[in-house]
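Novice:
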Amino acid sequence: MLKGRKFRIVASLLALALVGAACSGRDDDNEASTDEGGSEGGAAAESAIDTADCAADPSAEIEGNEIKLVSSFPQSGATAAFSQIARGWKAYFQMINDEGGVDIGGNTYTIAFEDKDDQYNAQQTVANIDELVGQDGSNAFGVFSVVGTANNLAIRQQLGDLCVPNMFAATGSPAWGDPTYPWTLGSSLSPYSLEGKAFADLLAEEKPDATVAMLVQDDDFGKAYEEGFKAAIEGTDIELVKVEKYATGATEVSAQITSLAATGADAFFNGATLLACPDALTKAAAANWTPITWVSATCTSKTLMGLAGANANGVYSYTNLKDPLNPDWDDDAAMMEYREKVAQYQPDADLDNGIVAYGWTQGALLVEALKAAEAPTRLAVMESIHDFEASDVGLLLPGVTVKTGEDDPFLGEAYNIMTYEFTAPDARNHFVLVGDVSDVEGQTADFTPEDLISSG
Amino acid sequence: MQLFVEQVLNGIANGVVYGSVALALVLIFRTTGVLNFAQGEMALFATFISWKLTQQGLPVVGAIAVSMAIAFVSGAVIERVLIRPVETGRSPLNVVIVTLGMFLALNSLVQLIFGTDPQFMPSAFPSGGIELFTSNGRTATLQKGTLGLVLVLIAECVVLWFMLNRTKLGLKLRAVATNPDSARLHGIKAGSMLMLGWALSAAIGALAGSLVAAQRTGFDSNLMQTVLVYALAAAALGGFDSLWGAVICGIIVGVADALTIQYIDPLNGIEVVLPLALILVVLVVSPHGLFGKRTVERV
Amino acid sequence: MTTDQTGATVEPMLGAAPLELEAEPSPGRQTLWPQIPRPVFIARVIIGTAMAAAALYAPFYFDPVYNRLLSQAIYLAIAAMGLNLLTGFNGQVSIGHGFFYGVGAFTSAILMVDHGWTFEATIPVALVLNGIVGLLIGLPALRVRGLYLALVTLGLAVLFPQLATKYVEGTGGVALVRPRARDFASLIQGLDDDQWAYFLSLAIMAVLFLLAWNLVRGRIGRSMIAVRDQEIAATTVGVNLAGTKVATFAISAAYAGVAGSLSVMVDHVAAATNPIFYFQRSVEFLVAMAIGGAATIMGPAVGALALVLLRRNTEDLIEGKEILAPALYGAALIAIVFVLPEGLVGGVRRFLAWIGRRSSAKGRPPTHPIPDDSQ
Numbered sequence: 004m005l006k007g008r009k010f011r012i013v014a015s016l017l018a019l020a021l022v023g024a025a026c027s028g029r030d031d032d033n034e035a036s037t038d039e040g041g042s043e044g045g046a047a048a049e050s051a052i053d054t055a056d057c058a059a060d061p062s063a064e065i066e067g068n069e070i071k072l073v074s075s076f077p078q079s080g081a082t083a084a085f086s087q088i089a090r091g092w093k094a095y096f097q098m099i100n101d102e103g104g105v106d107i108g109g110n111t112y113t114i115a116f117e118d119k120d121d122q123y124n125a126q127q128t129v130a131n132i133d134e135l136v137g138q139d140g141s142n143a144f145g146v147f148s149v150v151g152t153a154n155n156l157a158i159r160q161q162l163g164d165l166c167v168p169n170m171f172a173a174t175g176s177p178a179w180g181d182p183t184y185p186w187t188l189g190s191s192l193s194p195y196s197l198e199g200k201a202f203a204d205l206l207a208e209e210k211p212d213a214t215v216a217m218l219v220q221d222d223d224f225g226k227a228y229e230e231g232f233k234a235a236i237e238g239t240d241i242e243l244v245k246v247e248k249y250a251t252g253a254t255e256v257s258a259q260i261t262s263l264a265a266t267g268a269d270a271f272f273n274g275a276t277l278l279a280c281p282d283a284l285t286k287a288a289a290a291n292w293t294p295i296t297w298v299s300a301t302c303t304s305k306t307l308m309g310l311a312g313a314n315a316n317g318v319y320s321y322t323n324l325k326d327p328l329n330p331d332w333d334d335d336a337a338m339m340e341y342r343e344k345v346a347q348y349q350p351d352a353d354l355d356n357g358i359v360a361y362g363w364t365q366g367a368l369l370v371e372a373l374k375a376a377e378a379p380t381r382l383a384v385m386e387s388i389h390d391f392e393a394s395d396v397g398l399l400l401p402g403v404t405v406k407t408g409e410d411d412p413f414l415g416e417a418y419n420i421m422t423y424e425f426t427a428p429d430a431r432n433h434f435v436l437v438g439d440v441s442d443v444e445g446q447t448a449d450f451t452p453e454d455l456i457s458s459g
Numbered sequence: 002m003q004l005f006v007e008q009v010l011n012g013i014a015n016g017v018v019y020g021s022v023a024l025a026l027v028l029i030f031r032t033t034g035v036l037n038f039a040q041g042e043m044a045l046f047a048t049f050i051s052w053k054l055t056q057q058g059l060p061v062v063g064a065i066a067v068s069m070a071i072a073f074v075s076g077a078v079i080e081r082v083l084i085r086p087v088e089t090g091r092s093p094l095n096v097v098i099v100t101l102g103m104f105l106a107l108n109s110l111v112q113l114i115f116g117t118d119p120q121f122m123p124s125a126f127p128s129g130g131i132e133l134f135t136s137n138g139r140t141a142t143l144q145k146g147t148l149g150l151v152l153v154l155i156a157e158c159v160v161l162w163f164m165l166n167r168t169k170l171g172l173k174l175r176a177v178a179t180n181p182d183s184a185r186l187h188g189i190k191a192g193s194m195l196m197l198g199w200a201l202s203a204a205i206g207a208l209a210g211s212l213v214a215a216q217r218t219g220f221d222s223n224l225m226q227t228v229l230v231y232a233l234a235a236a237a238l239g240g241f242d243s244l245w246g247a248v249i250c251g252i253i254v255g256v257a258d259a260l261t262i263q264y265i266d267p268l269n270g271i272e273v274v275l276p277l278a279l280i281l282v283v284l285v286v287s288p289h290g291l292f293g294k295r296t297v298e299r300v
Numbered sequence: 028m029t030t031d032q033t034g035a036t037v038e039p040m041l042g043a044a045p046l047e048l049e050a051e052p053s054p055g056r057q058t059l060w061p062q063i064p065r066p067v068f069i070a071r072v073i074i075g076t077a078m079a080a081a082a083l084y085a086p087f088y089f090d091p092v093y094n095r096l097l098s099q100a101i102y103l104a105i106a107a108m109g110l111n112l113l114t115g116f117n118g119q120v121s122i123g124h125g126f127f128y129g130v131g132a133f134t135s136a137i138l139m140v141d142h143g144w145t146f147e148a149t150i151p152v153a154l155v156l157n158g159i160v161g162l163l164i165g166l167p168a169l170r171v172r173g174l175y176l177a178l179v180t181l182g183l184a185v186l187f188p189q190l191a192t193k194y195v196e197g198t199g200g201v202a203l204v205r206p207r208a209r210d211f212a213s214l215i216q217g218l219d220d221d222q223w224a225y226f227l228s229l230a231i232m233a234v235l236f237l238l239a240w241n242l243v244r245g246r247i248g249r250s251m252i253a254v255r256d257q258e259i260a261a262t263t264v265g266v267n268l269a270g271t272k273v274a275t276f277a278i279s280a281a282y283a284g285v286a287g288s289l290s291v292m293v294d295h296v297a298a299a300t301n302p303i304f305y306f307q308r309s310v311e312f313l314v315a316m317a318i319g320g321a322a323t324i325m326g327p328a329v330g331a332l333a334l335v336l337l338r339r340n341t342e343d344l345i346e347g348k349e350i351l352a353p354a355l356y357g358a359a360l361i362a363i364v365f366v367l368p369e370g371l372v373g374g375v376r377r378f379l380a381w382i383g384r385r386s387s388a389k390g391r392p393p394t395h396p397i398p399d400d401s402q
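Residue numbers (my numbering), protein chains in the order written: chain A, 4 to 459; chain B, 2 to 300; chain C, 28 to 402.
Here it is as structure tokens:
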């Protein structure tokens, strides 16, 4: 009897395997391919986007007077804090709607938006976007500000096949520069690898022969920092002596800092994010190690720097946005509008939180891109974003121009170095801008290893 | 050598964190036979309460004391309302489900009530460190906060051990944990003892949470989630039987982790393998953990 | 503790009532199936047929979004069944089966993306590979019992994302492998892709559930239960303790692996970028098993469906307070366990047994096997 049962099991497995093997070499002739993809005339020839294989017509005009944007981001669970980003852009869209809507290619549209919680799980993002956009792309115009590198990676293929825009991905991964996925593009958040370059340039001025120690997260985020920095210091006298990694989500890094401090390096690239970042600063200070320190741009929030307190005094980072905490902007018209409108439309938002300011700015940038589109179609809007230029929009720093072009898919390539000034525990401590805006327009690919951009 | 000592100190600092949570886990296991997955989140809730109290101006020690009292009462209530009805059923799995449900609910409630921003918890101990020795121009320092935590843990172990092993109350607690029916036959109110067990563990957990949060640079609703796996490992290593075992094994796990980060590069990024491997190795050699008691099974 | 037929005390470590009996037969009652009274049997047949009909019709009625949910329930059910064999019937508690699920998912995804396999051919590979991995893990697990096993498996679930991040070269430098949607196109003309995914999963689930049912009713099943209830006594009657335990571990791992493989078809992605995801999955398997009814055959399926629907409906229940979704979900789990301590299937069984007792208590004369035409 035992043999009988075992035999049945094996047979079922074989059957399954045979079925599978018999169906090899399946084509995509199930896919409905349309050939209305290319628009008539010269516009198609100039477009960087190949629309021959679109499953949905990218030149179809928006129906009705509403443009629907959808998004998926963490709203509960461990990373619920990221939901603040959306408060920024929702407020901006609500403001635009109240002012009459946005003009796209001659027609006026109100911006409708809908989102779902994905708890930072890429699998859930796929399900959410499939549902929100629809199997044939008919439920929404496009996708906006999805949070998380993995989350955006999981949906870019599907959206690319449908020719549905995935706009302003809320992560600094260099992967959004991949030309195989023209329908996915990043936001004004600078690519992570740029921080390595900025720090390398800074050291070249302050201490050209510096030894550098690095702390990074053990994933793609950390890898972008590490590789970007290594590429940037090639041919200089700066030497990377040690790199320590910490597990994603870890909140303390004392062992790593002890190891890095033991090198006595002149400079320290603190690529940690969330709670690990202030912990690194505190532990470095406790180890009596006072290198020239760079902190990740993701760490520059009021709360995180506040936790490091005095230990953060003098650290460098960069930004391309006005900081709500910086008293220099209190009387700035754009800042005042931001504060007033977000408080009005999204009362739950934390106005001092930099990611709300970031969200607000992305909303503003999208509206500018929509206005610049030649027609109210997905193709035209995407072309507009691929060939976009803006300054003094939203909370962008004066002097910062965000720009994309034919060979330059990266929006945020201008930055201003800043340094943290800590005066007293209860004071309004904030970053202070140093020097002028640096612009490395179009150069991201030069110091970012190819495999970070186009790795399939 | 210098580096080694420094990493050991780092390890001890983390180890006492794991040990203090492990202590609460072992306590509740010994007194009620339940592995409470929500232990960390209960401690988290209490930690936020004490943080909130310090924000209102209460001194740290007072805030912690109040949160411990609240935790004590809440623990008893949780046992009576959520656990007892399910415990008398047939499947121990149901209690696990309830604790998992509590885990989710408490974490979410903390985010709702106290927000998702990281916060700073003031320490009950003086700041600064005790310099141990210096070489190569660098000093190995034992932070006063860590030392304080060690002393608190020792005190807890002594008090709890005394209570469990030398008092009538402790005897009743242990009787109920071992065999509730026999205990009832002896006139012991099993229900009250179970409530007491939960109350005590909740209070110990609250203390652990507040001290751990203070020892870290900042804390948020994820405080306990990174700690829990290591704390469980520490408790398991100790055999789930011994309070001292939990603390000592917590330190062992912490030190092993720090040394792995420093010296074992291939494990870079997967350091969590270490507590796993430790448990496996120890249990293969000594199936009841390093400090557990041998139990004889009657057929 | 429960008392079995002979009056001896039987203390199951886990799981609901032992498999054999639901209601006691009353004298004079004609039963088609030994020990199950007719009204109960008829009721079960009706319920079973209705469920089967609903399951077959569902994908034509619902939209692709809902079909995906149902397919998720199916692969969750498969994993829960695997865990049921290990934990419900064999008493080894694991909260780490997300590990095998993950291995299965990445096996399928990597074979498809890097080596061009068709999806269906990857399923047996996932099954066999996880069986082997389960064997390798089940062997040292022999030395680790009860609580410790639970913790070690927990460690595995936490370890998996880290292993994947370190060793998987996914897209974008991230532990994520994403086959194209068209690679999962329907093999049957007239069926949409989501319907095909549903039916394939359903077919595999049916096969695996049938195998499990067979296993449990046979000699191996009895060995498993014996090991669960009274390990030492079982060895004295000749049960191969180590063999049973390791084999059960391997089989349960294989089931979880198949579930992971199917998840790639349903979810279109294998990702290990969220550090707690596979722990969450492990817990879901356990919860599905428990609220469905441990140590039952339909339990995992019922529990999985309930879980998926629960997750869906608590997602945005309270507008503006999405952050509370886990709290609502947790509260609902607690409520289910309160109301139905034996799980949903156990509750249904008790209800049916109550029917059986009521009709026999009325003392009606035995009915003919063929119903009266006058009814």
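No residue lacks a Cβ here, since even glycine has one placed at the ideal position from N, Cα and C.
With a CB to CB cut of under 7 angstroms and the five nearest residues on each side skipped, what residues in its chain are close to Gln3(B)?
Specialist: Translated into positions along the second sequence, residue 3(B) becomes position 2. Cβ neighbours of Gln3(B) beyond the five flanking positions: Ser136, Asn137, Arg139 and Ala141.
Novice: Rounded to whole angstroms, what is the Cα-Cα separation between Ile280(B) and Leu174(C)?
Specialist: In the second sequence, residue 280(B) corresponds to position 279, counting from 1. In the third sequence, residue 174(C) corresponds to position 147, counting from 1. When rounded, the distance between both Cα atoms is 12 angstroms.
Novice: Alpha carbon to alpha carbon, what distance is there between Phe126(C) and Glu423(A)?
Specialist: The residue given as residue 423(A) occupies position 420 in the first sequence. The residue given as residue 126(C) occupies position 99 in the third sequence. Per the sequence shown, the amino acid found at residue 423(A) is Tyr instead of Glu. Approximately 43 angstroms between the Cα atoms of the pair.
Novice: How would you list, in chain order, the residues of chain C whose beta-carbon sits under 7 angstroms from the beta-carbon of Ala1(B)?
Specialist: Look at the range of chain B in this structure, 2 to 300, and you will see that residue 1(B) is not part of it.
Novice: Would Leu218(A) and Leu162(A) be called neighbours here (beta carbons separated by less than 8 angstroms)?
Specialist: Taking the first residue of the first sequence as position 1, residue 218(A) is located at position 215. Taking the first residue of the first sequence as position 1, residue 162(A) is located at position 159. No. Outside cutoff.
Novice: Going along the chain, which residues of the stretch 187-200 of chain C sit with their C-beta nearer than 7 angstroms to a C-beta in chain A?
Specialist: Those residues of the stretch 187-200 of chain C that come within reach of chain A (Cβ to Cβ, closer than 7 angstroms) are Gln189, Thr192, Thr198, Gly199 and Gly200.
Novice: Taking Cβ-Cβ distances shorter than 7 angstroms, what residues in chain B pair up with Ile361(C)?
Specialist: Position 334 of the third sequence holds residue 361(C). Under the 7 angstroms cutoff, chain B gives Leu83, Val99 and Gly102.
Novice: For chain F, check one thing: does any of its Cβ atoms lie closer than 8 angstroms to the Cβ of Ala333(C)?
Specialist: Absent here is chain F; the protein component of the structure consists of chains A, B and C.
Novice: Whose C-alpha, out of Leu156(A), Asp212(A) and Asp56(A), is nearest the C-alpha of Pro177(A)?
Specialist: Residue numbering aside, residue 177(A) sits at position 174 when the first sequence is read from its first letter. Per the Cα distances, Leu156(A).
Novice: Please return the same chain residues whose Cβ sits closer than 7 angstroms to the Cβ of Ile382(C), not counting the five positions on each side in sequence.
Specialist: Walking along the third sequence from the start, residue 382(C) turns up at place 355. Cβ neighbours of Ile382(C) beyond the five flanking positions: Pro66, Val67 and Ala70.
Novice: I believe Leu229(B) touches Tyr356(C) by the beta-carbon criterion, under 8 angstroms. Please report the beta-carbon distance rounded to the nearest angstrom.
Specialist: Taking the first residue of the second sequence as 1, we reach residue 229(B) at position 228. Taking the first residue of the third sequence as 1, we reach residue 356(C) at position 329. No, Leu229(B) and Tyr356(C) are not in contact; Cβ-Cβ is about 19 angstroms, not under 8 angstroms.
Novice: Can you find a CB in chain C that lies within less than 8 angstroms of the CB of Glu198(A)?
Specialist: The residue you call residue 198(A) lines up with position 195 of the first sequence. For Glu198(A), the answer is no, since every Cβ of chain C falls outside 8 angstroms of its Cβ.
Novice: What is the residue span of the beta strand (DSSP E) that Ala191(B) lies within?
Specialist: Walking along the second sequence from the start, residue 191(B) turns up at place 190. Here Ala191(B) belongs to no beta strand (DSSP E); instead the alpha helix (DSSP H) covers Ala191 to Gln216.
Novice: State the CB to CB distance for the pair Val234(C) and Ser98(C), rounded to an integer number of angstroms; the pair is presumed to be in contact (CB under 8 angstroms).
Specialist: Taking the third sequence and counting its residues from 1, the one referred to as residue 234(C) is at position 207. Taking the third sequence and counting its residues from 1, the one referred to as residue 98(C) is at position 71. That belief does not hold up - the Cβ atoms of Val234(C) and Ser98(C) are roughly 16 angstroms apart, past 8 angstroms.
Novice: Flag this pair as yes or no: are the beta carbons of Tyr95(A) and Asn68(A) separated by less than 8 angstroms?
Specialist: One-based indexing of the first sequence puts residue 95(A) at position 92. One-based indexing of the first sequence puts residue 68(A) at position 65. Going by C-beta atoms, Tyr95(A) is not nearer than 8 angstroms to Asn68(A).
Novice: Comparing alpha-carbon positions, which option in Leu162(C), Gly319(C), Val171(C) and Gly347(C) lies nearest Gly374(C)?
Specialist: Here residue 374(C) refers to the residue found at position 347 of the third sequence. If we check each option's Cα against that of Gly374(C), Gly319(C) comes out closest.
Novice: Measuring CB atoms only, is the stretch 237-249 of chain C touching the stretch 208-225 of chain A, in the sense that at least three cross pairs come out at less than 8 angstroms?
Specialist: Touching, no, given that fewer than three Cβ pairs across the two stretches are closer than 8 angstroms.
Novice: DSSP three-state call for Phe127(C): helix, strand or coil?
Specialist: In the third sequence, the residue the question calls residue 127(C) occupies position 100. The answer is helix: DSSP assigns Phe127(C) an H, G or I state.
Novice: Could you check where the beta strand (DSSP E) with Asp442(A) kicks off and where it finishes?
Specialist: In the first sequence, the residue the question calls residue 442(A) occupies position 439. First-last of the beta strand (DSSP E) with Asp442(A): His433 to Asp442.
Novice: Within 8 angstroms of any Cβ in chain C, is that where the Cβ of Gln112(B) sits?
Specialist: Residue numbering aside, residue 112(B) sits at position 111 when the second sequence is read from its first letter. Yes, Gln112(B) lies at the interface with chain C (some Cβ there is under 8 angstroms from its Cβ).
Novice: In angstroms, rounded to a whole number, what distance separates the CA positions of Asn33(A) and Gly199(C)?
Specialist: Working through the first sequence from its first residue, we reach residue 33(A) at position 30. Working through the third sequence from its first residue, we reach residue 199(C) at position 172. Unreliable positioning characterises Asn33(A) in this predicted model, as indicated by a pLDDT of 33, which lies under 50. A coordinate reading is not provided.
Novice: Below 7 angstroms CB to CB, which residues in the same chain sit around Tyr341(A) once its five sequence neighbours on both sides are set aside?
Specialist: Working through the first sequence from its first residue, we reach residue 341(A) at position 338. The residues are Ala360, Trp363 and Leu398.
Novice: Go ahead and label Gln365(A) buried or exposed: buried means 16 or more other beta carbons lie within 10 angstroms of its beta carbon, across all protein chains shown.
Specialist: Stepping through the first sequence from its first residue, residue 365(A) is reached at position 362. Gln365(A) comes out buried.
Novice: Flag Lys226(A) as yes if its beta-carbon sits less than 8 angstroms from any beta-carbon of chain B, otherwise no.
Specialist: Position 223 of the first sequence, counted from the first residue, corresponds to residue 226(A). Answer no: the Cβ-Cβ gap between Lys226(A) and chain B never drops below 8 angstroms.
Novice: Are the CB atoms of Gly357(A) and Thr303(A) nearer to each other than 8 angstroms?
Specialist: Numbered from 1 along the first sequence, position 354 holds the residue referred to as residue 357(A). Numbered from 1 along the first sequence, position 300 holds the residue referred to as residue 303(A). In this structure, Thr303(A) lies closer than 8 angstroms to Gly357(A) by Cβ.
Novice: Could you list which residues in chain A have their beta carbon closer than 7 angstroms to that of Asn408(C), in chain order?
Specialist: The requested residue 408(C) is not part of the displayed model; chain C covers only 28 to 402.
Novice: In chain order, what residues of the same chain lie with their CB nearer than 7 angstroms to the CB of Asp335(A), ignoring the 5 residues before and after it?
Specialist: Numbered from its first residue, the first sequence carries residue 335(A) at position 332. These residues qualify, in order along the chain: Lys325.
Novice: Let's test the definition: count the other Cβ atoms within 10 Å of the Cβ of His187(B) and tell me whether it reaches 16, buried, or not, exposed.
Specialist: Here residue 187(B) corresponds to residue number 186 of the second sequence, with the count starting at 1. By the 10 Å Cβ count, His187(B) comes out exposed.
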